[in-house]
Amino acid sequence: MDTSSARSRLHDELRDLRQTLEKRRETAGLDESQQDSTGELSSHDQHPGDSGTATFQRTRDLSIEDHLESEIEEVEAALERIDQGSYGRCEVCDGEIDPKRLRARPHARFCREHRSDTEE
Ligand SMILES: [Zn+2]
8 MDTSSARSRL HDELRDLRQT LEKRRETAGL DESQQDSTGE LSSHDQHPGD
58 SGTATFQRTR DLSIEDHLES EIEEVEAALE RIDQGSYGRC EVCDGEIDPK
108 RLRARPHARF CREHRSDTEE
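Every number in the working numbering is 7 more than the matching position in the sequence shown, counting from 1.
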């Protein structure tokens with residue numbers, strides 16, 4: 008299978024994901040004061056309503072960042088598999104992953120049969 012085009016696609020994807028993550032972190036950095044105010048020392052001063060809203064916002068931001076981080080890990084792992092020569096093979100059965108599936112999802116780790124429900 009042609010790994011050079013997969014490699015360049017994965018590199019593009021990695022760059023985009025990192026840029027998105029960086030932008031999110033820069034934006035989150037503007038809220039530093041909010042982070043301080045939820046610290047243990049001042050927490051008793053807070054109105055429960057404000058605190059709840061801030062926590063909700065923070066949790067939502069974190070889950071998006073977590074998602075981006077796990078995507079980055081997936082893409083990095085795929086690039087490692089290209090280096091190791093195991094790219095395009097299912098991690099469960101070592102069978103070849105459908106090239107159509109790899110085109111749609113270059114960091115796919117499993118064949119159609121063994122893909123996890125969360126992967127797609
Ligand atoms: Zn498989």
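Yeah, the Cβ is synthetic: ideal placement off N, Cα and C, and Gly gets one too. Just so you know, these numbers come straight off a predicted model, no measurement behind them.
Inter-residue Cα distance where the pair is residue i and residue j
i	j	result
Gly95	Asp19	18 angstroms
Ser93	Leu21	19 angstroms
Ser77	Lys107	23 angstroms
Thr62	Asp73	16 angstroms
Arg119	Arg67	31 angstroms
Arg122	Glu81	14 angstroms
Arg16	Arg65	32 angstroms
Pro113	Gln91	16 angstroms
Cys97	Leu24	24 angstroms
Ser49	Ile79	Any reading at Ser49 must be qualified, since the residue scores a pLDDT of 48, below 50, and its modelled position is unreliable; the value itself is stated next. Distance between the alpha carbons of Ser49 and Ile79 is about 35 angstroms.
Asp9	Asp105	13 angstroms
Leu109	Leu75	20 angstroms
Exposure of residue i, with buried meaning 16 or more beta-carbon neighbours within 10 Å
i	result
Glu33	exposed
Cys100	exposed
Leu69	exposed
Contact test: residue i Cβ vs ligand 3 heavy atom, cutoff 7 angstroms
i	result
Leu109	Ligand 3 is absent from the structure shown, which contains only ligand 1.
Closest Cα partner of residue i within the set the options
i	options	result
Thr27	Arg14, Asp105 and Ile71	Ile71
Measuring CB atoms only, is the segment 22-33 touching the segment 83-90, in the sense that at least three cross pairs come out at less than 8 angstroms?
The answer is no - the segment 83-90 does not touch the segment 22-33, with fewer than three Cβ pairs under 8 angstroms.
Contact set, ligand 1 heavy atom to C-beta under 7 angstroms:
Matched residues: Cys97, Val99, Cys100, Gly102, Phe117, Cys118, Glu120 and His121.
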